[in-house]
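Residue numbers (our numbering), protein chains in the order written: chain A, 1 to 505; chain B, 1001 to 1505.
No residue lacks a Cβ here, since even glycine has one placed at the ideal position from N, Cα and C.
A short worksheet on the structure shown next.
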């Protein structure tokens, strides 16, 4: 007996990384470009990003932040000011050294070639992140404690030269938001770092249906220049970890390097405490790997470019227009309904192409609800419904009125199912471990899950163990640092600290 | 008698360019950065851009376009493919030549310096515009006439190295949108070029209260590589022209250079016809110069970050909270009202600072409606209102209920006043001219307006006349090409063509 055919080849079980590429291709989300490591985000993928942007932006504004925009190019001298930060990004900076081109004739081919000219006295790097250039602005803006807190966010493109790019997850250029704030006191800055960490965790859960482990990074894994890095770690279907967002408490490191200082309430000049936090188009890679199946993309409803696709089934020419009219009218009615405050996004696909092809296109594109209406349904006022969180073959007939009434609830039900599935999968695949021997053999299995261990090793010990098994400490999970003392996995030292280890993207 | 004091020094009449800088500074819109020619867009300025983006984006989607995102970096070889285009942008391209940095110790100072390393085999330019890289993608996406039309837009940053930057109007990096479309026929592509030209003209009129002259550029002023460039030209208060947006019909120039070809209905392979069109953060500079006055920024209501500012007037401590509560309640009620479908944007400024300072801050920031409420107004249910299109001292008292009812109408009235003022000013300052002698002396006056002339000169003749008087043909106005024949200003040749000449930013 042959295996049931799937829309995506290979399946997840056969070859997860290749399955991922094929899902992206089949859903028409993005593609590689000729610019090394850079992708083209196609409309269906960019639509997801637009929704992520709008929804996150609302949360940022509700929490008191304002958007601004800072230069793409950072003078080299800015990077030099914070040594650890500069070192952290040095190997992946795109450098602008010239500001014009000159046309010269290639003697061999006779063709015109452009060569760089107008060398710059001081080169610039394309921002890999903007702490330094935003810090320079903050230094101008902050004079007194009355200017604090300063709560700024930027939506922008950044560039980190990638040697092994992977669509969405790791590209040389990516789109992101970076929050940058300055505060009067350490406590306030830490509270901000924690607040935005929580905003990210909630956003991933409530908008992308991705359950995350909120935790702190160890010193080894911190953002270059940070005193504390908080992370939200997602587990995807091959049990690897994806760092889906980070929030950094930068202490006074950048404010001292950039002189962000202010006259305090007591009249003394002090350095501000700063934070930064960001999420990127990487979240799209995360949601693909978290939810999609062997038939292609599965979109969490809140960020689905289209939430409902209506397909007119028109076997006969004489009833065709009536069916299409019925579909359009239904779409218009549904657009008057709301899901989480936003009008439903509904599309009628009345293209003249073969029905099976049409259906599978939308399956592969991950639209949460697919509705088919034929001539008989027009008369009986019914719709034939498929939910993307169920098998593509599974259909149910609903009264049209009931479907209109329940559409938003159905979307929420799909969200809940995705979240529940991802949560169970993750919980099954995080295993406590306190014996080094078990720990070491665990990583020899295929697609190993995560291990949570008591941990009190040094950064060097962590590094050694990580390299040996090609793993990292994903985080010290926030909710598990107050338990009983137990002996450290490696050193045996009693510790309350727990670390989660895993392979990651 | 001394002149009445204004909030901005110098006034427009005293020194228009410096007045412009001071308006931007006083409204806290943007500032220069240490990155050559690049600005920091501050929250009050970025808020205007966000509104422009949202409102334009809606129009683009209504006219069938989808957003996507393409790489920031363009391989040099792409630029070489369209010679005229490459030449047009060669002198202003930022070039990336290296992809990492190395820390070296400066022998003299002992400090660590970063130097570029990892030289690229093929350099990249930061996009000055994306015809070439988007064309490369279109070449992959378009195979058959069924794939057309392809209607894509991108919101992005671009870079054109500027020798004489000016905030918003001319900066090395700027934010913009660039539409790129491909069509089966020349007629369709021209119709698209005209449609988006019209969208821009309407947007400027209906959202920014800027009346524009829609017209065609002469060959000399066309976009490098275009067959036709349509422009919307705005006149600002020093009578200079600002090209506020352009829409280009690119013929088959780029599709041939990039091989955007398709199998047509007749089975033959053909090259597509393409268009591109864009507007940028330059529109913010245009609206500042079009509407602001000697007291600072005047914001057109639809793109005002805040449309109504409510100031509690609290002379006595015991009634203070009641006044603030009354203001907050009014703000909440107003937020339930709509202006062009969007909830009113209302802010209550209850900071503990001196009343006069507070008032003038908002005047300088250009908020359309300013409302003050004091203890007596709480009791009498009145508000004291100032419209930003009238003198800052001019106040009227309104019943609170009437104000709530009329708020959206008041905003529309301000929009209409701004548009009418700008239209009259423009109309008074475009003068027909058919004698060369009059034409030549006209440009010797200070801040000369525009002249409209019969014109049938060659590109060389146009260039000579332009250089002589530091002017350009702003456009051949679309609505004036069907008049009577008249002798060309320069050559005397009979012509129906009319050209508008002016100085420009």
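If you follow the beta strand (DSSP E) that residue 1105 of chain B is part of, which residue opens it and which one closes it? It spans 1095-1105 - the beta strand (DSSP E) in which residue 1105 of chain B sits, taken as one unbroken run.
6 Å Cβ shell around residue 503 of chain A - same chain, five flanking residues per side excluded: If you ignore the 5 residues before and after residue 503 of chain A, its C-beta comes within less than 6 Å of the C-beta of 240 and 471, all in its own chain and listed in chain order.
Alpha carbon to alpha carbon, how far is residue 1173 of chain B from residue 1424 of chain B? Give it in angstroms, no decimals. Spanning the two alpha carbons is a distance of roughly 34 Å.
Which residue from A:426, A:62, A:200 and A:168 puts its Cα closest to that of residue 30 of chain A? It is A:168.
Tell me the rounded alpha-carbon separation between residue 1446 of chain B and residue 1216 of chain B. If you draw a straight line from the Cα of residue 1446 of chain B to the Cα of residue 1216 of chain B, it is about 27 Å long.
So with CB distances below 8 Å, who are the chain B contacts of residue 42 of chain A? Under the 8 Å cutoff, chain B gives 1068.
I'd like to know if residue 1113 of chain B contacts chain A, where contact means its C-beta is closer than 8 Å to some C-beta of that chain. Against chain A, the CB of residue 1113 of chain B has a partner CB under 8 Å away; the residue lies at that interface.
According to the neighbour-count rule (16 or more other Cβ atoms, all chains shown, within 10 Å of its Cβ), is residue 54 of chain A buried or exposed? Exposed: under 16 other Cβ atoms inside 10 Å.
I want to see whether chain B comes within less than 8 Å of residue 99 of chain A, judged by CB atoms only; does it? Yes, residue 99 of chain A counts as interfacial toward chain B.
Identify which residue in A:429, A:59 and A:81 has its Cα closest to the Cα of residue 131 of chain A. It is A:81 whose Cα lies nearest to the Cα of residue 131 of chain A.
Please classify residue 435 of chain A: is it buried, with 16 or more other beta-carbons within 10 angstroms of its beta-carbon, or exposed? Exposed.
Within this structure, are the beta carbons of residue 1410 of chain B and residue 1369 of chain B separated by less than 8 Å? Closer than 8 Å, so yes.
Under 8 Å between C-beta atoms, does residue 1157 of chain B make it to chain A? The C-beta of residue 1157 of chain B comes closer than 8 Å to at least one C-beta of chain A.
Range covered by the alpha helix (DSSP H) that runs through residue 17 of chain A: Segment 16-27, the alpha helix (DSSP H) holding residue 17 of chain A.
Could you spell out the range, first to last residue, of the beta strand (DSSP E) harbouring residue 504 of chain A? Per DSSP, residue 504 of chain A belongs to no beta strand (DSSP E) and is neither H nor E.
Close-in-space but distant-in-sequence residues of the same chain around residue 1129 of chain B (CB under 8 Å, 5 per side omitted): So the qualifying residues of the chain are 1089, 1158, 1178, 1276 and 1278.
Kindly list the residues whose CB is nearer than 6 Å to the CB of residue 1 of chain A, restricted to its own chain and excluding five residues on each side of it in sequence; keep chain order. Bear in mind that the predicted position of residue 1 of chain A carries a pLDDT of just 43, short of 50, making it too unreliable to give a figure here.
For the beta strand (DSSP E) containing residue 154 of chain A, list its first residue and its last residue. DSSP places residue 154 of chain A inside the beta strand (DSSP E), whose first and last residues are 150-159.
With C-beta atoms as the reference, is residue 123 of chain A less than 8 Å away from residue 419 of chain A? Cβ distance not < 8 Å, so residue 123 of chain A and residue 419 of chain A don't count as in contact.
Taking 8 Å as the CB-CB cut-off, is residue 1083 of chain B touching chain A? Judged by the 8 Å Cβ criterion, residue 1083 of chain B is in contact with chain A.
Looking at residue 1205 of chain B and residue 1298 of chain B, is the spacing between their C-beta atoms short of 8 Å? Contact: no.
Spell out the partners DSSP gives residue 278 of chain A in its beta bridges. In DSSP, residue 278 of chain A forms a bridge with A:178 and A:246.
CA-CA distance, residue 1490 of chain B and residue 1461 of chain B? A straight line joining the alpha-carbon of residue 1490 of chain B with that of residue 1461 of chain B spans about 8 Å.
For residue 455 of chain A, write down the residues that DSSP places opposite it in a beta bridge. In the DSSP output, where bridge partners are listed per residue, residue 455 of chain A has none listed.
With a CB to CB cut of under 8 Å and the five nearest residues on each side skipped, what residues in its chain are close to residue 1303 of chain B? Correct list, in chain order: 1048, 1051, 1052, 1055, 1207, 1208 and 1287.
With a CB to CB cut of under 8 Å and the five nearest residues on each side skipped, what residues in its chain are close to residue 1077 of chain B? Apart from the 5 residues on each side of it in sequence, residue 1077 of chain B sits with its Cβ closer than 8 Å to the Cβ of 1122 in its chain, given in chain order.
Which residues in chain A have a C-beta closer than 9 Å to the C-beta of residue 1272 of chain B? List them in chain order. The contacting residues do not exist; residue 1272 of chain B stays about 18 Å from chain A at best.
Who are the neighbours of residue 504 of chain A on chain B, taking C-beta pairs under 8 Å? Under the 8 Å cutoff, chain B gives no residues; its nearest Cβ is about 23 Å from residue 504 of chain A.
Give me the Cα-Cα distance between residue 1414 of chain B and residue 1367 of chain B, rounded to the nearest whole angstrom. In a straight line, the C-alpha of residue 1414 of chain B is about 11 Å away from that of residue 1367 of chain B.
Residue 380 of chain A to residue 1416 of chain B span [Cα, whole Å]: Pairing residue 380 of chain A with residue 1416 of chain B, the inter-Cα distance amounts to about 52 Å.
Do the CB positions of residue 94 of chain A and residue 1096 of chain B come within less than 8 Å of each other? Less than 8 Å separates the beta-carbon of residue 94 of chain A from that of residue 1096 of chain B.
Which ranges would you report for the alpha helix (DSSP H) in the stretch 1182-1236 of chain B if only whole runs of at least 4 residues count? DSSP runs (the alpha helix (DSSP H)) wholly in the stretch 1182-1236 of chain B: 1186-1208.
For residue 1296 of chain B, list the residues DSSP reports as bridge partners. Paired residue(s): B:1293.
State the Cα-Cα distance for the pair residue 19 of chain A and residue 28 of chain A, rounded to the nearest angstrom. Just so you know, the alpha carbons of residue 19 of chain A and residue 28 of chain A end up roughly 14 Å apart.
For the stretch 288-296 of chain A and the stretch 326-339 of chain A, state whether three or more C-beta atom pairs, one from each stretch, are separated by less than 8 Å. As far as the Cβ criterion goes, the stretch 288-296 of chain A does not touch the stretch 326-339 of chain A, which means the pair count is below three.
Could you give the distance in angstroms between the alpha-carbon of residue 1255 of chain B and the alpha-carbon of residue 40 of chain A? Spanning the alpha carbons of residue 1255 of chain B and residue 40 of chain A requires a straight line of approximately 19 Å.
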